[in-house]
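Numbering (full-length UniProt numbering), first residue to last: 1 to 143. For each residue, glycine too, the CB sits at the ideal point set by N, CA and C. Everything numeric in this text was worked out from a predicted model, so none of it was measured.
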Amino acid sequence: MAMSFDPFNELDRLASALFQSNRGQRLMPVDLYQDGGQYILNADLPGVDPGSVDVDVDGQLLTIRAQRTEPTSDDAKFLARERPYGAYWRQFTLGEGIDVERISAHYDNGVLSVVIPVSETAKPRKIEVSSRANAREQMTISS
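Below is the structure:
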C-alpha cells in the first residue's frame, strides 16, 4: 500500500492530540445564512447518533449538543486514530426579531439543519407615503 507523508498534516495531528483531550469540546463546523424570511444554520455532525442531538432555546440563546460515541472493542488495535469522539457543543446568541416558537431542526446524512424564522413584526415592510396633493386628487376624482 502506497502512503504519502505530509509533514504539516502530521504536525496538525500532533498539535490536536496535545491540546485537545478526549473529554473536551469537539469542533462543530457550521454555515449560517439568511434565506428570505429565515436564517438557516447547518452544522456538520458526522457519525453522531440522532438520538443524542439536542437543540434548545433559552431566551435569546440557542444551544446545540450532540454526542459521538467511541466504538468499543477489547480486541481492536488501531493503526490510525484521527476521528474525534465525545461531546459536541455550540451556542449562538439570537438577535431581536426571531420567532423562537417556530424554530425547527432536522438531522440528515450527518448534517443538522436548524431553521430560524424571522418574526413577522421584524420583517421589513413598505410604508406608503401620502401627501396633501394626493389627498386632493382623490377627493376631486371621487366627487
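Identify, in the order they occur along the chain, each residue of the same chain with its Cβ nearer than 6 angstroms to the Cβ of residue i, setting aside the five sequence neighbours on each side.
i	result
D54	R65
V100	V57
T63	D56 and Q91
Excluding the 5 residues preceding and the 5 following residue i in the sequence, name in chain order all residues of the same chain whose CB lies nearer than 8 angstroms to its CB.
i	result
L61	Q91, F92, T93 and L94
For residue i, which residues from the same chain have a beta carbon less than 7 angstroms from its beta carbon, with the 5 sequence-adjacent residues on both sides left out?
i	result
Q38	V115, I116, P117 and V118
D31	N42
Exposed or buried, which one is residue i when buried takes at least 16 other CB atoms within 10 Å?
i	result
Y33	exposed
I103	buried
L112	buried
I98	buried
Is residue i a contact residue of the ligand FMN, with contact defined as CB to any heavy atom under 7 angstroms?
i	result
D58	In the structure shown, the ligand FMN is absent, as is every other ligand, since no ligand is present at all.
query: How do the region 67–75 and the region 38–49 stand: do at least 3 beta-carbon pairs fall below 8 angstroms, yes or no?
result: Contact check between the region 67–75 and the region 38–49: three or more CB pairs, one atom from each, fall below 8 angstroms, which counts as touching.
task: Report the residue ranges of all beta strand (DSSP E) runs contained in full by the UniProt domain "SHSP" (21–132); include only those spanning at least 3 residues, in chain order.
output: Runs of the beta strand (DSSP E) lying entirely within the UniProt domain "SHSP" (21–132) and spanning at least 3 residues, in chain order: 30–35, 38–44, 54–58, 61–68, 86–93, 104–108 and 111–117.
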